[in-house]
Amino acid sequence: LFKLNMHLGKPHRFYRGFNNLRLSPVSREIAGVSLFYTGLLGYAAFAMFADPILQIIANGFAFIGGASGLTGLFYMVKLYRIPARPFWNHWQTGTAFFGSMLSLGALIIAVVSVCALPLESVYVQILLQTLMIIVALGLRLVRWRHVVHEHTMQVSCNEGAASYYRQVTQYGKSYILRNGLLGLSLLLSTLMAINGFSLIIGLLLMLSMLVSSAFGRSL
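Those letters in the sequence shown? Residues 5 to 223, by this note's numbering.
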């Protein structure tokens with residue numbers, strides 16, 4: 005939350021980032037993500053207590069975090085949907101963001117669960133298998149996005165076609181590695197979604213997803 009607002013020009017003028025909420029997707033994105041982190045912090049603070057009143061407050065913060073997080077993510081997509089960047093100005097940009105939210109979000113929860121909860125518990129195994137289903141759905145959405153986006157760029161007659169050409173030629177090895185690891189991640193998560201969670205396969209999945217995501221964002 006601090007770093008998000010401190011990168012908006014001069015740190016002591018960070019509040020100016022919220023000045024144009026009525027018209028600017030940038031201001032709305034900053035506001036949405038700031039509210040998300042505020043909701044997350046509030047939930048983390050109040051959920052530790054068993055008092056019913058504090059639990060109601062915690063749930064209120066959770067609702068604020070969930071709703072504002074989706075709002076912020078929506079306006080993040082809007083930031084990329086600009087005509088000046090044809091490679092980004094495609095409806096599949098939205099599926100990339102939401103697919104990443106599902107897959108990487110569920111992966112983070114799975115990592116925390118493995119570190120903090122007893123794996124021999126039936127309930128933990130059900131939780132992890134459910135998370136693997138969400139990971140697989142998110143990865144499938146991202147993979148579908150790549151297929152449709154690549155087809156659109158191949159037949160376009162603008163800067164997007166040039167960007168795609170450089171991606172598969174000059175950065176072809178990175179492109180192949182990203183797609184290969186994405187396919188491997190989808191396979192591993194699907195196996196665990198069907199057969200149950202495995203710690204070794206889970207570690208392979210985490211490494212594969214992290215490397216694939218890093219290369220994907222670099223591309």
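Don't be surprised by glycine CBs; every beta carbon is placed ideally from N, CA and C.
What is the C-beta distance between residue i and residue j, in whole angstroms, given that I count them as a contact (C-beta under 8 Å)?
i	j	result
P90	E33	Going by Cβ atoms, the distance from P90 to E33 rounds to 21 Å, so no, they are not a contact pair.
M196	I205	6 Å
L108	S217	7 Å
A54	A62	A54 to A62, Cβ: 11 Å. No contact.
Between the beta-carbon of residue i and the beta-carbon of residue j, is there less than 8 Å?
i	j	result
L209	S222	no
I68	L39	yes
L83	P29	yes
A110	G142	yes
L186	R149	no
F219	S167	no
L106	L145	yes
L123	L207	no
Whose C-beta lies closer than 8 Å to the C-beta of residue i among residues of the same chain, with five residues either side of it excluded?
i	result
V115	M210
I112	none
T156	H94, Q96 and G164
L8	I34, V37, S38 and Y41
M10	F18
According to DSSP, is residue i helix, strand or coil?
i	result
I86	coil
W280	In this structure the chain extends from 5 to 223, so residue 280 is not present and cannot be described.
E154	helix
L135	helix
F91	coil
R20	helix
S72	helix
A66	helix
A54	coil
L25	coil
L143	helix
V126	helix
Counting along the chain, where does the alpha helix (DSSP H) carrying residue i start and finish?
i	result
R182	G176 to N199
L207	L203 to S222
M1	Only positions 5 to 223 of the chain appear in this structure, which leaves residue 1 out of reach.
K7	F6 to M10
I29	The residue asked about is misnamed: residue 29 is Pro in this sequence, not Ile. Its alpha helix (DSSP H) spans residues P29 to F50.
A165	E163 to V172
Output needed for residue i: all residues of its chain with C-beta closer than 7 Å, excluding positions within five of it in sequence on either side, in chain order.
i	result
A2	For residue 2 there is no data in the structure shown, the boundaries of the chain being 5 and 223.
V215	L185
I137	A197
S160	P90
Y79	P29, R32, E33 and G36
F101	L77, M80 and V81
S72	G36, L39, F40 and G43
V139	S107, A110, L111 and S193
I'd like to know whether the C-beta of residue i is nearer than 8 Å to at least one C-beta of chain D.
i	result
A114	Here there is only one protein chain, and chain D is not present.
Near residue i, what residues of its chain come up, given a Cβ to Cβ distance below 6 Å and the 5 sequence neighbours on each side ignored?
i	result
N183	none
Q133	G200 and F201
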